[in-house]
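In the working numbering, the protein residues as written are 150 to 491.
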Amino acid sequence: MKLLRVLTSMPMPPMGLRAYSRLVLATGIVTGFAASAVQASTPPLPQPKPDGLSRVDAKTILNSVPARSLFKKARFAANTRPSAIGRYNRGCLAGGERLPINGPAWQAMRLSRNRNWGHPAMIALVKRLAADARAKDDWNGLLVGDIAMPRGGPMWPSHASHQIGLDADIWFTPMPNRRLTYKERERLSATFMLTKNHLSVNDRVWTDAHVRLVKRAASYNSVERILVHPAIKKALCEATPADADRSWLSKVRPVRGHNYHFHIRMKCPASSPNCRPQKPTPVVDGCGKELDDWYKRLEARLKPRPKPKRPKIARPRVKPKPRRLLTLNDLPNACQNVLAAR
Numbered sequence: 150m151k152l153l154r155v156l157t158s159m160p161m162p163p164m165g166l167r168a169y170s171r172l173v174l175a176t177g178i179v180t181g182f183a184a185s186a187v188q189a190s191t192p193p194l195p196q197p198k199p200d201g202l203s204r205v206d207a208k209t210i211l212n213s214v215p216a217r218s219l220f221k222k223a224r225f226a227a228n229t230r231p232s233a234i235g236r237y238n239r240g241c242l243a244g245g246e247r248l249p250i251n252g253p254a255w256q257a258m259r260l261s262r263n264r265n266w267g268h269p270a271m272i273a274l275v276k277r278l279a280a281d282a283r284a285k286d287d288w289n290g291l292l293v294g295d296i297a298m299p300r301g302g303p304m305w306p307s308h309a310s311h312q313i314g315l316d317a318d319i320w321f322t323p324m325p326n327r328r329l330t331y332k333e334r335e336r337l338s339a340t341f342m343l344t345k346n347h348l349s350v351n352d353r354v355w356t357d358a359h360v361r362l363v364k365r366a367a368s369y370n371s372v373e374r375i376l377v378h379p380a381i382k383k384a385l386c387e388a389t390p391a392d393a394d395r396s397w398l399s400k401v402r403p404v405r406g407h408n409y410h411f412h413i414r415m416k417c418p419a420s421s422p423n424c425r426p427q428k429p430t431p432v433v434d435g436c437g438k439e440l441d442d443w444y445k446r447l448e449a450r451l452k453p454r455p456k457p458k459r460p461k462i463a464r465p466r467v468k469p470k471p472r473r474l475l476t477l478n479d480l481p482n483a484c485q486n487v488l489a490a491r
């Protein structure tokens, strides 16, 4: 074929039009036969399996490749029926919906991460909370952090959960009265809500509006849990009178690290039979012994450690084993189909 292209692109030699045409025709026939012979002698390539993984590398992908790198490549949701698959920390999302980056009472943050996707029920809940908090709780609007990637799956390095589209991070910083720029959404930091020792909330930034916002989120029947820092849980307990309704506090669970935002976790939707629910939340408000135990651990971290009496023996430093990352084999089998879907 290269020879034929060369001949047809060259100026016609001084041999006459008829002779030149015969030469080009003969060259095309010869190269056509040669191409057919090469094609006939080449074995066919292996066809991909129905799940989109080739027979050669399927075992490697399932067992060795971190699932986070596979799910991160998906830029859009799987065009299938919406379904949360697996556990909150080991699963994926089919038929996800994207939260618009701007709404009447919310703005999505950290757009470069492409993590403003979730189960349609989760997206509806965020919109509802934004509208209710503005109308009833004197909260200007939500700044929404991570929800999930387009097809869910393991997210690195900031979350163990957020894998099935039923988790969302809401900043404790209220939405400003203007639309943030793309650069501001990437660089603006959420408000740190604690004192320097992490044992109490900072009264300069913590307000009654924060209490009303968390209570509003916990009041929805579809919400399974709200995760906050233990000091914020303590502030919520102290702000709720003993003779008031304290049932919503049972959903608010103390977890370290949630000092800039609170984490909403929805119950498994009835339309997602492959979703694995958590254990039910306890009936008690969680303001007693459980919170006291948390504070014992927090206070223990602040105490100076006594110096060893004996001289420390120098020993070779052993590097800790790297954390094993989840692969597709660690997730439900349906997640392979979610990745392969268009």
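Glycine included, C-beta positions come from ideal geometry on N, C-alpha and C. It should be emphasised that the depicted structure is a prediction, and the values quoted were computed from it without experimental measurement.
Can you tell me whether DSSP reads residue i as helix, strand or coil?
i: Asn478; result: helix
i: Cys436; result: coil
i: Val350; result: strand
i: Val401; result: strand
i: Trp305; result: coil
i: Leu337; result: coil
i: Arg361; result: helix
i: Cys417; result: coil
i: Ala226; result: coil
i: Ala297; result: strand
Use the C-beta contact count for residue i: other C-beta atoms within 10 angstroms, 16 or more gives buried, fewer gives exposed.
i: Ile462; result: exposed
i: Phe220; result: buried
i: Glu333; result: exposed
i: Glu373; result: buried
i: Glu448; result: exposed
i: Glu387; result: exposed
i: Asn482; result: exposed
i: Lys470; result: exposed
i: Asn228; result: exposed
i: Lys364; result: buried
i: Phe321; result: buried
i: Arg491; result: exposed
What does DSSP give as the partner residue(s) for residue i in the beta ladder?
i: Gln312; result: DSSP lists no partner for Gln312.
i: Cys241; result: Ile234
i: Gly252; result: Trp255
i: Trp266; result: Arg247
i: Trp320; result: His410
i: Ala393; result: DSSP output for Ala393 lists no bridge partner at all.
i: Cys424; result: Gly235
i: Leu447; result: According to DSSP, which records beta bridges pairwise, Leu447 is partnered with nothing at all.
i: Asp343; result: The sequence as given places Leu at residue 343; Asp does not occur at that position. DSSP output for Leu343 lists Val350 as bridge partner(s).
Taking the alpha helix (DSSP H) that residue i falls in, what are its first and last residues?
i: Ile375; result: From DSSP, Ile375 is part of no alpha helix (DSSP H) but of the beta strand (DSSP E) over Val372 to Val377.
i: Phe220; result: Ala216 to Lys221
i: Leu329; result: Where Leu329 is concerned, there is no enclosing alpha helix (DSSP H), given that its DSSP letter is neither H nor E.
i: Val293; result: Taken as a continuous stretch (DSSP letters only), Val293 belongs to no alpha helix (DSSP H), being part of the beta strand (DSSP E) at Leu291 to Val293.
i: Val487; result: Ala483 to Ala489
For my contact list, residue i and residue j are in at a C-beta cut-off of 8 Å; report their separation, rounded to the angstrom.
i: Tyr237; j: Ile313; result: 6 Å
i: Asp287; j: His311; result: At roughly 29 Å, the Cβ-Cβ gap does not stay under 8 Å, so Asp287 and His311 are not in contact.
i: Arg459; j: Gly435; result: Between Gly435 and Arg459 the Cβ distance is about 43 Å, and since that is not below 8 Å, they are no contact.
i: Met271; j: Ala317; result: 6 Å
i: Val350; j: Ala380; result: 6 Å
i: Tyr409; j: Met342; result: 7 Å
i: Ile250; j: Leu242; result: Rounded, the Cβ-Cβ distance is 19 Å, inconsistent with contact.
i: Lys382; j: Leu440; result: 6 Å
In the DSSP assignment, find the unbroken beta strand (DSSP E) run with residue i in it and report its ends.
i: Arg283; result: That residue, Arg283, is in no beta strand (DSSP E); its alpha helix (DSSP H) goes Pro269 to Lys285.
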